[in-house]
Amino acid sequence: MDIAILKTAALGDVVRTTSILAGLVERYAPARVTWITAPNAVDLVRTHPLIQRVCAVDPKDPATFEGVEEKLLETSFGRVLSFDDEESMCALATRLGGARADVISGAFLDPKSGECRYTKDCAPWFDMGLLSVFGKEEADRRKRENRESHPAIFASMLGLSKGRPELHLTDEARRFATGFRARHGLDSGGPSIGLNTGSGGRWDSKKLGVESTVRTAQLLAQELHEPPTYLLMGGPEEGERNASIAAGLKACRPSIRWVDAGVDNSLLEFAGLVDGLDLLLTSDSLALHLATARQVPLVAFFAPTPAAEIDFYGRGAAVISEADDYASYRPDADTSTLTPERLVSACLDVLSRDTPR
Numbered sequence: 000m001d002i003a004i005l006k007t008a009a010l011g012d013v014v015r016t017t018s019i020l021a022g023l024v025e026r027y028a029p030a031r032v033t034w035i036t037a038p039n040a041v042d043l044v045r046t047h048p049l050i051q052r053v054c055a056v057d058p059k060d061p062a063t064f065e066g067v068e069e070k071l072l073e074t075s076f077g078r079v080l081s082f083d084d085e086e087s088m089c090a091l092a093t094r095l096g097g098a099r100a101d102v103i104s105g106a107f108l109d110p111k112s113g114e115c116r117y118t119k120d121c122a123p124w125f126d127m128g129l130l131s132v133f134g135k136e137e138a139d140r141r142k143r144e145n146r147e148s149h150p151a152i153f154a155s156m157l158g159l160s161k162g163r164p165e166l167h168l169t170d171e172a173r174r175f176a177t178g179f180r181a182r183h184g185l186d187s188g189g190p191s192i193g194l195n196t197g198s199g200g201r202w203d204s205k206k207l208g209v210e211s212t213v214r215t216a217q218l219l220a221q222e223l224h225e226p227p228t229y230l231l232m233g234g235p236e237e238g239e240r241n242a243s244i245a246a247g248l249k250a251c252r253p254s255i256r257w258v259d260a261g262v263d264n265s266l267l268e269f270a271g272l273v274d275g276l277d278l279l280l281t282s283d284s285l286a287l288h289l290a291t292a293r294q295v296p297l298v299a300f301f302a303p304t305p306a307a308e309i310d311f312y313g314r315g316a317a318v319i320s321e322a323d324d325y326a327s328y329r330p331d332a333d334t335s336t337l338t339p340e341r342l343v344s345a346c347l348d349v350l351s352r353d354t355p356r
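Per numbering that gives the first Met the number 0, the very first residue in the sequence shown carries number 0; after that it's consecutive.
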């Protein structure tokens, strides 16, 4: 059976949606999977052995659909799994599914009303999102009260065995990461710990403050038997922030060893660096999902977004805001209870586990 998956953003959501692949192939064998995603997300799925074809479209640019859609329509898809809420993607799902009502699961464009809707089987997910038939206020409430992980929700609503997200590194990404570790002597001595405490430009309250990041690193180093090496990690918008963290670490006494991992790495290079860590301390961001997909031990902290959707598969821990506005999706959510002491305690707990990768 030919199966189309429509998932373009956000990058972390693309990664975590790969948890459905093993179950799909098991249920619909022999399955041929086509994944339709955004151009900047192609590297996150193109290496997966259960995906036969990747097509790139930008939901905001109609020109990118030209040629791609025509090629896709040459295939008669037995299942169309549509997880984006943009009108252009809903319309594409409808065209790929044709008039067969049982083909599409997820979001589609109703040809009669011209509105984006979603199928009943996928209501557990979309009832909590932008397309919710209950409106934004109720959707947000449902999301706050949800206690099921993303992989569990998707497996249940699609009738699949629960899987886990996977990201397969290229040889080039592995060589990049190996070379980086060799240059900085990261394969000898104490643990390598990634500090990915920013979150780009959209969510200020997803971030851990610079001073809190430095203090957490300092306290954790004091508790470990072997001196760690911290990797300052992030994307293009974290350059100035990471420089401030570096300045704070330089001022620590006793001295703390750290390495700037850069902010201009490609997605797979970044994933390769994450893959080599003994522990990642991260915000609710792409790095969290990369670590989960690569089975890297991690501690993630949450304030404006809920932790319940994250399955750590026994290799991580969540530190959750104790403020009243936890999981409120407020850009100014209170992060004051995400203290260095709580973060260090979680890090020590995860590092103490003997969980094979």
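Heads up, the beta-carbon is just placed ideally off N, CA and C, and yes, glycines get one too.
A quick note: this is a predicted structure, and the numbers were derived from the prediction, not measured.
In chain order, what residues of the same chain have a beta carbon less than 6 Å from the beta carbon of arginine 15, not counting five sequence neighbours either side? His149, Pro164 and His288
Candidates Val209, Gln221, Arg256 and Ala220: closest to serine 282 by CA position: The closest CA to that of serine 282, considering only Val209, Gln221, Arg256 and Ala220, is found on Val209.
Out of curiosity, what's the CA-to-CA distance linking glycine 261 and asparagine 145? 36 Å
Would you be able to state if there are at least three C-beta pairs under 8 Å between the stretch 316 to 335 and the stretch 41 to 55? no
Three or more C-beta pairs under 8 Å: does that hold for the stretch 167 to 181 against the stretch 295 to 304? no
Between the alpha carbons of aspartate 170 and aspartate 348, how many angstroms are there, rounded? 33 Å
For a test of your reading of the model: does the CB of aspartate 263 fall under 7 Å from any non-hydrogen atom of the ligand HEM? Yes or no. For the ligand HEM, the structure offers nothing, since it holds no ligand at all.
So, leucine 194 versus alanine 270, is the Cβ gap smaller than 8 Å? no
Can you check whether the CB of proline 253 is closer than 8 Å to the CB of leucine 357? There is simply no residue 357 to check, as the chain begins at 0 and stops at 356 in what is shown.
What does the alpha-carbon distance come out to for the pair tyrosine 312 and lysine 111? Cα to Cα, the separation comes out at about 43 Å.
Report yes if the C-beta distance between isoleucine 103 and serine 81 is below 8 Å; otherwise report no. yes
Please specify which runs of the beta strand (DSSP E), each continuous and at least 3 residues long, are wholly inside the stretch 60 to 116, giving them in chain order. 78 to 81 and 103 to 108
Here's the rule: buried if 16 or more other CB atoms are within 10 angstroms of the residue's CB, otherwise exposed. What is glycine 11? buried
To the nearest angstrom, how far is it from the Cα of glycine 200 to the Cα of arginine 99? 42 Å
Per DSSP, which one or two residues make a beta bridge with asparagine 195? Thr281
Alpha helix (DSSP H) segments (min. 4 residues) lying fully within the stretch 132 to 198: 135 to 144, 149 to 157 and 170 to 182
Inter-residue Cα distance where the pair is phenylalanine 64 and alanine 90: 11 Å
Hey, out of Glu239, Thr228, Leu248 and Ala322, whose CA is closest to aspartate 277's CA? Thr228
Taking the C-alpha atoms as reference points, what is the distance between lysine 59 and aspartate 203? 25 Å
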